[in-house]
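Asks: Throughout the sequence shown, residue numbering follows my numbering, covering 475 to 664 in sequence.
Note that the Cβ used here is the ideal one computed from N, Cα and C, for glycine as well.
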Amino acid sequence: MDKSISRSEKKRRAKNVEQLVRELIDLSQNDISRLECDSFLQKEIAAVKRLKGGARKRQIKYIAKELRNTDHEPLLLFLQEKKGSRLKKNQEFHDLERLRDTIINDTLAALKMAEEEGVELEPDWNSTGIDSALYKLPNVNESSLRKSARIYARTRNPAHSREIFRTLKAASEQKRFAGTGNDVTSHNRR
475 MDKSISRSEK
485 KRRAKNVEQL
495 VRELIDLSQN
505 DISRLECDSF
515 LQKEIAAVKR
525 LKGGARKRQI
535 KYIAKELRNT
545 DHEPLLLFLQ
555 EKKGSRLKKN
565 QEFHDLERLR
575 DTIINDTLAA
585 LKMAEEEGVE
595 LEPDWNSTGI
605 DSALYKLPNV
615 NESSLRKSAR
625 IYARTRNPAH
635 SREIFRTLKA
645 ASEQKRFAGT
655 GNDVTSHNRR
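What follows is the structure, given as structure tokens:
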């Protein structure tokens, strides 16, 4: 999926990681030592506290570059627990938006192909976006997703795009409150 990421999206993600670093720098020394990252990054984060001006900005960018090459999910969770950071929630929101856009693009392509062949779009058309949604969100209502996507593809009414997002968000919240992982075996297809 990373191969289709636009340059603008890459820049947005880089800015989000820089914001993560800024929030990490604001932590106390005791909290920095408890971060789930290697000791090199802990030392670098602690060292930024003494810097000012351009040196501080360069060091923040350097740490962000290093974090982009590693899994920074534990750091987001730590900040969320410690400070009530909204970075994790924002990331989840944008992931749901990307998933919705993938579903819509798959549906538009399937509808175009069906129209070129002179047939109706089948109710169970192949969609990597919907398959991905079912994998990531086992409780998602597949029939509702397919229905909203098909109607959006035919009418281009933004209300149906919002309905797809609401369906994905509801399944995401259900998963979070249930505390389930990626349990692929429990697809709830209605």
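Roughly how many angstroms separate the alpha carbons of W469 and Y609, rounded to a whole number?
Replies: Not covered by the structure: residue 469. The range shown for the chain is 475 to 664.
Asks: Going by CA-CA distance only, name the one from H546, A583 and F651 that's closest to N490.
Replies: H546
Asks: Rounded to whole angstroms, what is the Cα-Cα separation between E589 and P597?
Replies: One C-alpha to the other measures close to 14 Å.
Asks: Could you tell me whether the segment 566 to 577 touches the segment 528 to 537, using the rule of 3 or more Cβ pairs below 8 Å?
Replies: Inter-segment contact for the segment 566 to 577 and the segment 528 to 537 is absent: fewer than three beta-carbon pairs are separated by less than 8 Å.
Asks: Output yes or no for whether 9 Å exceeds the beta carbon distance between I618 and E637.
Replies: Per the sequence presented here, residue 618 reads as Ser, with Ile not at that position. Yes, they are a contact pair.
Asks: The alpha helix (DSSP H) spanning N600 covers which residue range?
Replies: DSSP places N600 in no alpha helix (DSSP H); its state is neither H nor E.
Asks: Can you give, in chain order, each stretch of the alpha helix (DSSP H) that sits fully within the segment 494 to 550 and has at least 4 residues?
Replies: 503 to 507, 513 to 522 and 527 to 542
Asks: Confirm, please, whether the CB-CB distance from L551 to L541 is below 9 Å.
Replies: Not in contact: L541 and L551 (Cβ atoms no closer than 9 Å).
Asks: Determine the DSSP secondary structure at N564, reduced to helix, strand or coil.
Replies: helix
Asks: State buried or exposed for P612, treating a residue as buried only when at least 16 other CB atoms are found within 10 Å of its CB.
Replies: When all chains shown are included, P612 counts as buried.
Asks: For E594, report the span of its alpha helix (DSSP H) as first-last.
Replies: Per DSSP, E594 is not a residue of any alpha helix (DSSP H), being assigned neither H nor E.
Asks: Comparing alpha-carbon positions, which option in L582, K649, A623 and E591 lies nearest H634?
Replies: A623
Asks: A520 to I499, Cα distance in whole Å?
Replies: 7 Å
Asks: With a cut-off of 8 Å on the beta carbons, I'd call S646 and L570 a contact; round off their distance for me.
Replies: Approximately 6 Å separates the beta-carbon atoms of S646 and L570; this is inside 8 Å, confirming the contact.
Asks: Less than 9 Å separating the beta-carbons of L525 and Q516?
Replies: no
Asks: What does the alpha-carbon distance come out to for the pair E497 and R628?
Replies: 44 Å
Asks: How is the alpha helix (DSSP H) around L642 delimited, first residue to last?
Replies: P632 to A652
Asks: Alpha carbons only, please: which of R530, V614 and S606 is nearest the one belonging to Q648?
Replies: V614
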